[in-house]
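Chains A and B, in that order, are what the protein sequence lines are. Take the first sequence: its position 292, counted from the start at 1, is 322 in the numbering used here, and no numbers get skipped. Take the second sequence: its position 342, counted from the start at 1, is 372 in the numbering used here, and no numbers get skipped. Written out below as structure tokens is the structure these notes cover.
Number of protein chains: 2
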Amino acid sequence: MTERRASAQELAALSYAVLTSAGADPDSAEATTGAMLHASLLGVDSHGIRLLPFYADCLRDGICNPKPKITVSHPRRSAVLVDADDGLGHLPTYRAMDEACAIARDTGIGMGVVINSTHFGAAGAYALAAANAGFIGFVTCNSGAFVVPYGGKKPIHGTSPIAMAAPLESRDPYFLDMATSSIPWNKVMRYRTEGLELPPDAALDAEGQYTLDPNMAVCLGPVGGSGFGYKGAALAGLAEVLGAMLTGMRLSIEQEGVVLADTKVGHFVMAIDPSTFVPLAVFNERHAGYLDGFKAEPGIMPAGGPEWAKRIDREAKGIPLAEGLHRELADAADKAKVAFSL
Amino acid sequence: MTERRASAQELAALSYAVLTSAGADPDSAEATTGAMLHASLLGVDSHGIRLLPFYADCLRDGICNPKPKITVSHPRRSAVLVDADDGLGHLPTYRAMDEACAIARDTGIGMGVVINSTHFGAAGAYALAAANAGFIGFVTCNSGAFVVPYGGKKPIHGTSPIAMAAPLESRDPYFLDMATSSIPWNKVMRYRTEGLELPPDAALDAEGQYTLDPNMAVCLGPVGGSGFGYKGAALAGLAEVLGAMLTGMRLSIEQEGVVLADTKVGHFVMAIDPSTFVPLAVFNERHAGYLDGFKAEPGIMPAGGPEWAKRIDREAKGIPLAEGLHRELADAADKAKVAFSL
């Protein structure tokens with residue numbers, strides 16, 4: 031049987047129709063669709079189109095405000111505050127990053143926070159938006175407690191992501207989008223379905239012991255695992271500082287931990303003008319030199335390399351829709367009374 | 031035999047005398063001494079007073095300019111550029127962070143880069159300086175290539191540190207200071223001396239295979255090791271973006287990799303005013319709530335916890351001087367014709 035695939039355009043049309051049918055205003059539906067397609071095209075399927083049914087349910091169930099009145103203010107010269115009014119997290123975060131870039135153009139660096147937000151999908155979407163606009167983009171946020179601290183048994187941190195992208199014309203740039211846990215929870219779920227063993231040092235059982243059995247796993251461990259997990263945990267702390275303390279929003283331990291559906295979430299974005307200290311040509315030459323360093327050996331790639339390879343494949347052949355995902359999307363369309371022809 | 035210890039004051043006096051005798055101007059000697067004592071007091075011995083003989087040699091050998099003309103300019107409203115004039119890296123980095131804090135007070139966020147610099151010791155020293163001044167401090171730089179990329183056999187990245195500290199009055203705050211490798215090289219050296227096995231997934235042999243034998247190790251692996259080292263490598267890439275591309279200074283692969291003695295190095299610092307988006311009291315309450323979360327289980331600590339415990343011990347009892355370190359300091363004093371009475 032041939033693998034079923036759909037083009038980004040087809041999925042975007044479906045997403046927009048489902049989200050607006052679930053009540054989303056056009057701008058929110060477009061931004062959420064864009065962030066999901068970013069992830070689907072780059073192979074980050076955990077944050078891709080599979081989230082469409084979840085977002086539609088959040089809108090229908092009143093977890094997200096479908097027609098938020100997003101407000102933007104500038105409490106300081108290089109800082110923008112975006113109030114998401116409890117809407118979907120994507121539109122206000124794109125907006126915060128746009129404003130951060132505008133500030134960076136002027137002052138060299140701009141930061142933005144989003145308050146009263148909800149799940150914003152892949153952090154990398156906003157970092158890459160900055161890079162596409164010619165800026166170094168940095169994004170982080172904390173998320174519901176699901177990751178134990180180093181040496182601990184009970185979750186304190188979320189899988190709290192850190193993302194960064196650097197601009198480079200006519201070439202795929204440095205691009206980082208990582209969870210501060212070793213693996214995402216949906217990998218545990220997938221390994222359960224497929225009957226596979228987990229990688230070591232990634233997930234813990236109810237006794238707080240690292241386990242290889244996905245059926246025994248109840249939470250995750252920080253990057254670095256049993257040996258060096260204090261580093262991953264410290265990076266998750268960075269996400270708490272910028273995502274919760276700076277914004278006044280909820281700490282990971284205060285969030286439900288109910289998968290993805292947390293509210294009163296904060297996000298942090300930052301943009302830096304790469305030509306602040308050196309001419310852009312120098313930045314570009316340094317950037318290209320860094321990427322070229324990875325030609326020294328076969329099989330190694332800079333951060334972003336695997337994503338760019340996926341994008342080429344998926345732009346050409348479409349985004350794979352496994353049987354389960356296809357069914358979930360069909361159900362979501364049905365629920366929204368939207369035609370489904372993928 | 032009782033362990034030999036010396037007070038921070040005694041070590042600072044020795045350091046200042048040795049560095050000025052080696053030619054350093056008073057400001058440089060004071061800043062370098064301060065950064066080393068920061069590390070020694072917090073138990074980060076790899077970057078503590080053991081570096082004194084190395085810095086003195088760098089001054090005498092002409093690797094560092096002993097009397098640099100440090101210049102400070104503001105190319106953009108929220109950006110400061112500090113030219114270290116090839117001097118020791120500590121003074122210009124403290125200066126850059128001071129300026130970044132002053133900018134953050136005004137615009138919410140300030141960034142600084144240091145160019146034409148050399149080794150700056152523990153990145154955490156400057157992040158903590160910002161926190162002590164009431165700001166969130168962030169510091170990174172790249173360093174000589176000594177760490178293989180994920181799946182690779184040849185070093186591309188340095189142990190390139192990332193440091194962050196958040197302010198909190200009357201309580202030890204969140205504090206991160208990590209290498210993007212699993213372990214520092216001096217741990218390999220120490221394990222050789224002590225005849226111990228290395229932790230798994232930390233160092234590689236000349237064939238590019240992870241090894242437990244410190245005598246076979248020739249370079250290091252990224253945080254995350256053989257399973258998830260793409261995350262550590264991506265974080266080292268972040269240090270390249272901010273430490274080399276943004277500053278126009280040398281990439282890790284362009285640096286000698288000769289231990290610590292690289293020149294034309296760039297550093298990046300950033301300060302954020304914690305009261306930009308919320309009243310300081312809210313930031314402090316969030317920060318304290320985060321730290322309190324670690325009381326849920328015995329034995330777990332937030333980032334910085336181990337360092338604060340060391341500081342209490344060392345402020346009370348002095349900084350331990352193992353036999354080898356004591357001898358190295360005595361030799362350094364002798365070389366500088368400085369009295370030694372530790």
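Cβ atoms here follow ideal geometry from the backbone N, Cα and C, with glycine treated the same way. Remember, it's a predicted structure, so these values are computed and weren't measured experimentally.
* **Distance between beta carbons of residue 255 (chain B) and residue 235 (chain B), contact taken as under 8 Å** => The Cβ separation is near 15 Å, so there is no contact.
* Amino acids of chain B, ordered along the chain, whose beta-carbon sits closer than 8 Å to that of residue 304 (chain A) -> Residues of chain B whose Cβ lies closer than 8 Å to the Cβ of residue 304 (chain A) are, in chain order, 275 and 276.
* Residue(s) in a DSSP beta bridge with residue 123 (chain A) -> Bridge partners of residue 123 (chain A): none, in fact.
* Asked: With burial defined as no fewer than 16 other Cβ atoms inside 10 Å of the residue's Cβ, what is the status of residue 285 (chain B): buried or exposed?
  -> It is buried - the Cβ of residue 285 (chain B) has at least 16 other Cβ atoms within 10 Å.
* Three or more beta-carbon pairs under 8 Å between the stretch 300-319 of chain B and the stretch 159-170 of chain B, yes or no? -> The stretch 300-319 of chain B vs the stretch 159-170 of chain B: in contact.
* Asked: Who are the Cβ neighbours of residue 331 (chain A) in its own chain at under 7 Å, not counting the five residues just before and after it?
  -> Sequence-distant partners of residue 331 (chain A) (beyond 5 residues in either direction) whose C-beta falls short of 7 Å from its own C-beta, in its chain, are 324.
* Relative to the ligand COA, is the shortest distance from any of its heavy atoms to the C-beta of residue 196 (chain A) smaller than 6 Å? -> Looking for the ligand COA in the displayed structure turns up nothing, as the structure carries no ligands at all.
* Contact under 7 Å by Cβ, residue 292 (chain A) with residue 174 (chain A) -> At the C-beta level, residue 292 (chain A) and residue 174 (chain A) come within 7 Å of one another.
* To do: Pick out whichever of B:225, B:259, B:238 and B:206 has its Cα sitting closest to the Cα of residue 244 (chain B).
  => Nearest Cα to residue 244 (chain B) within the set B:225, B:259, B:238 and B:206: B:225.
* **Inter-residue CB distance, residue 189 (chain B) and residue 265 (chain B) (contact presumed, cutoff 8 Å)** => Their Cβ separation, rounded to whole angstroms, is 11 Å, which puts residue 189 (chain B) and residue 265 (chain B) out of contact at 8 Å.
* Short-range partners of chain A found in the stretch 79-108 of chain B, where Cβ spacing is below 7 Å -> Shown in chain order are the members of the stretch 79-108 of chain B whose Cβ falls below 7 Å from a Cβ of chain A: 105, 106, 107 and 108.
* Opposite residue 112 (chain A) in the DSSP bridges: which residues? -> Note: residue 112 (chain A) sits in a beta bridge opposite A:102 and A:144.
* To do: Find out if the Cβ-Cβ distance for the pair residue 195 (chain A), residue 218 (chain A) is shorter than 7 Å.
  => No, these two residues do not count as a Cβ contact at 7 Å.
* Candidates B:67, B:37 and B:83: which alpha carbon is nearest residue 355 (chain B)'s? -> Distance check between residue 355 (chain B) and each of B:67, B:37 and B:83 places B:83 closest, using alpha-carbon atoms only.
* To do: Per DSSP, which residues does residue 166 (chain B) bridge with? Please list them.
  => Under DSSP, residue 166 (chain B) shares a beta bridge with B:302.
* Taking 7 Å as the CB-CB cut-off, is residue 246 (chain B) touching chain A? -> Residue-level contact by beta carbon fails for residue 246 (chain B) and chain A, as no gap is shorter than 7 Å.
* Which residue comes first and which comes last in the beta strand (DSSP E) that contains residue 248 (chain B)? -> Per DSSP, the unbroken beta strand (DSSP E) holding residue 248 (chain B) starts and ends at 247-250.
* Listed from N- to C-terminal order along the chain, which residues in the stretch 305-327 of chain B have their beta-carbon within a distance smaller than 8 Å of any beta-carbon of chain A? -> Residues of the stretch 305-327 of chain B with a C-beta atom less than 8 Å from some C-beta of chain A are 306, 307, 308, 312, 313, 316, 317, 319, 320, 323, 324, 326 and 327, listed in chain order.
* residue 208 (chain A) lies in the beta strand (DSSP E); which residues open and close that run? -> That run of the beta strand (DSSP E) goes 205-209.
* To do: Leaving out five residues on either side along the sequence, give the residues of the same chain with a beta carbon under 6 Å from the beta carbon of residue 185 (chain B).
  => Within the same chain, residue 185 (chain B) has close Cβ partners 175, 176, 177, 178 and 249.
* Of the listed residues B:201, B:313 and B:279, nearest to residue 24 (chain B) (C-alpha basis) -> Outside the shown range of chain B, which is 31 to 372, sits residue 24 (chain B), and nothing can be said about it.
* To do: Sort B:181, B:208, B:313 and B:160 by Cα distance to residue 253 (chain A) and report the nearest one.
  => Minimum Cα distance to residue 253 (chain A) is reached at B:208.
* **Residues, ordered as in the chain, of the stretch 137-149 of chain B that lie near chain A by beta-carbon distance below 8 Å** => Those would be 137, 138, 139, 140, 141, 143 and 145, in chain order.
* Mind checking who residue 234 (chain B) pairs with in its DSSP beta bridge? => Here residue 234 (chain B) is bridged, per DSSP, to B:240 and B:249.
* To do: Check the DSSP bridge columns for residue 194 (chain B) and list the partner residues they point to.
  => Per DSSP, B:168 and B:206.
* **Closest Cα partner of residue 43 (chain B) within the set B:79, B:136 and B:200** => Residue B:79 is the option with its Cα nearest to residue 43 (chain B).
* Asked: Residues of chain A with a CB under 7 Å from the CB of residue 270 (chain B): which are they?
  -> Ordered by position in chain A, the residues that pass the 7 Å Cβ test against residue 270 (chain B) are 320.
* Neighbouring residues, chain A, relative to residue 267 (chain B) (Cβ below 7 Å) -> 204, 206, 332 and 333, listed in chain order.
* Asked: Hey, is residue 371 (chain B)'s beta-carbon within less than 7 Å of any beta-carbon in chain A?
  -> Residue contact with chain A for residue 371 (chain B): absent (no Cβ-Cβ distance below 7 Å to any residue of chain A).
* Asked: Taking the Cβ atom as the reference point for each residue, do residue 134 (chain A) and residue 138 (chain B) lie within a distance shorter than 7 Å?
  -> In this structure, residue 138 (chain B) does not lie closer than 7 Å to residue 134 (chain A) by Cβ.
* Minimum Cβ-Cβ distance from residue 161 (chain B) to chain A less than 7 Å -> False, the Cβ-Cβ gap to chain A never drops below 7 Å.
* Roughly how far, in whole angstroms, is the beta-carbon of residue 160 (chain A) from the beta-carbon of residue 127 (chain A), given that I think they are within contact range, below 8 Å? -> Right, their Cβ atoms sit about 5 Å apart.
* Asked: Is the CB of residue 176 (chain A) under 7 Å away from at least one CB in chain B?
  -> Residue 176 (chain A) does not count as touching chain B.
* To do: Mark residue 8 (chain B) as exposed unless 16 or more other C-beta atoms lie within 10 angstroms of its C-beta, in which case mark it buried.
  => A query on residue 8 (chain B) cannot be resolved here, the shown segment of chain B reaching from 31 to 372 and no further.
* Of the listed residues A:270, A:38, A:238 and A:97, nearest to residue 206 (chain B) (C-alpha basis) -> Comparing Cα-Cα distances from residue 206 (chain B) to each of A:270, A:38, A:238 and A:97, the minimum goes to A:270.
* By a C-beta neighbour count over all protein chains shown, 10 Å radius and 16 as the cutoff for buried, is residue 314 (chain A) buried or exposed? -> With 16 or more other Cβ atoms within 10 Å, it is buried.
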